[in-house]
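Student:
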Amino acid sequence: RKKIRLDRKYIISCKQSEVPLLVPWDPSNQMLAARNNWVLTSEKNKVSLYTLEENQMLCFKVETHVAMAAEWVFLLLSDLRRRKAWDHHYQYVKCILNNEKTPSVIKRGKVQDFILLASWRHPCDSGDPYLIALRSVTLPAYPPTEDYNRGEVLCAGFMRWLTCLCMHFSQISYYNQATPGVLPYISTDIAGLSSSFYCTFASCSAFLEENKDSLASLPTSTL
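If you read the sequence shown in the UniProt record's numbering, its first letter stands for residue 1, the second for the next number, and so on.
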């Protein structure tokens, strides 16, 4: 019943679909969801799923910890071309445009595809997190095609902190302001009918563990 309610409210009759989520690409576009008053929906082996419903919008957050320095986690997860190695929802990722200090845009998908603006930011202060922010944009050179169902991401991203207890232990939080194109991937988890979110982030932790040795020899300036 909970899944049916979510589908009806946020997919079938969602008011947000009345306004296009895609915006023209511009280097100044940067977004990352950071909300308060999250409700714990599910937890498995220290991977937690939270939800927040407000203003006819549904947001979800997945939170976990890894035994790795935050800057190493940031470096590995910033390369979105490698996300398919740990996230089974991603079958193909292509970097369309890369402007060094400005965000780059990536496209992925087979059944659905997304044109995403990705913004990376290092901490400005010792207490700030590492950020990876994602949102959908439009590019005239890459219009929707018949081969793919163009999906939209309103606001999504990762935040990583070093914990106070250990410099090599990090908290990872993934945020997503769900859209009709994204909700089908998570609604069964929110309804308590599955725990695929745990499998995805367990795979992410394994990916980080398997690749951390490749970063140990890199100079600090690279991180």
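Just so it is clear, CB atoms sit at the ideal spot from N, CA and C, and this is done for glycine as well.
So, are the CB atoms of SER78 and GLU63 less than 8 Å apart?
Tutor: Going by C-beta atoms, SER78 is not nearer than 8 Å to GLU63.
Student: I believe GLN171 touches ARG160 by the beta-carbon criterion, under 8 Å. Please report the beta-carbon distance rounded to the nearest angstrom.
Tutor: The Cβ separation is near 7 Å, so the contact holds.
Student: Starting from ASP113, trace the beta strand (DSSP E) both ways and give me its first and last residue.
Tutor: Start and end: 112-121.
Student: Count the other CB atoms within 10 Å of the CB of ALA141; is the residue buried (16 or more) or exposed (fewer)?
Tutor: So ALA141 ends up on the exposed side.
Student: Here's a check: name, in chain order, each residue in its chain whose Cβ is nearer than 8 Å to the Cβ of LEU45, leaving out the five neighbours to either side.
Tutor: Sequence check: residue 45 is Asn here, not Leu. The residues are TYR198, ALA202.
Student: If I measure Cβ to Cβ from PRO129 and keep anything under 7 Å in the same chain, skipping five residues before and after, which residues do I get?
Tutor: Hits under 7 Å: PRO123, MET159, ARG160, TRP161.
Student: Closer than 6 Å by C-beta to SER205: which residues in its own chain qualify, once you throw out the five before and the five after it? Chain order, please.
Tutor: Taken in chain order, the residues that qualify are VAL66.
Student: In angstroms, rounded to a whole number, what distance separates the CA positions of ALA156 and GLN91?
Tutor: Those two C-alpha atoms are separated by around 19 Å.
Student: Going by beta-carbon coordinates alone, are ASP113 and GLY151 separated by less than 8 Å?
Tutor: It is a contact, given that the beta carbons lie within the stated cut-off.
Student: Starting from LYS212, follow its DSSP beta bridges and name the residues at the other end.
Tutor: In the DSSP output, where bridge partners are listed per residue, LYS212 has none listed.
Student: Can you give me the C-alpha to C-alpha distance between GLU54 and MET68, rounded to a whole angstrom?
Tutor: Taking the straight line from one Cα to the other gives about 34 Å.
Student: Looking at LYS61: is its Cβ nearer than 8 Å to the Cβ of TYR174?
Tutor: In this structure, TYR174 lies closer than 8 Å to LYS61 by Cβ.
Student: At 4 residues or longer, and completely inside the stretch 128-190: list those alpha helix (DSSP H) runs for me, N to C.
Tutor: Qualifying alpha helix (DSSP H) stretches, in chain order: 187-190.
Student: Going by alpha carbons, who is nearest to SER136 out of ASN149, ASP125, ILE115?
Tutor: That would be ILE115, whose Cα lies nearest to the Cα of SER136.
Student: To which residues of the same chain is LEU76 closer than 8 Å at the C-beta, ignoring the five residues directly before and after it?
Tutor: Excluding positions up to five away in sequence, the list reads ARG82, PHE207, LEU208, ASN211, LYS212, LEU215.
Student: Taking ILE96 as the reference, give the member of TYR185, THR138, SER194, TRP38 with the closest Cα.
Tutor: Nearest of TYR185, THR138, SER194, TRP38 to ILE96, Cα basis: THR138.
Student: Would you kindly work out how many angstroms separate the C-alpha atoms of SER194 and ILE132, rounded to a whole number?
Tutor: Those two C-alpha atoms are separated by around 27 Å.
Student: According to the Cβ coordinates, are LEU58 and ALA118 closer than 8 Å?
Tutor: In this structure, ALA118 does not lie closer than 8 Å to LEU58 by Cβ.
Student: DSSP on SER48, reduced to helix/strand/coil?
Tutor: Correct three-state label for SER48: strand.
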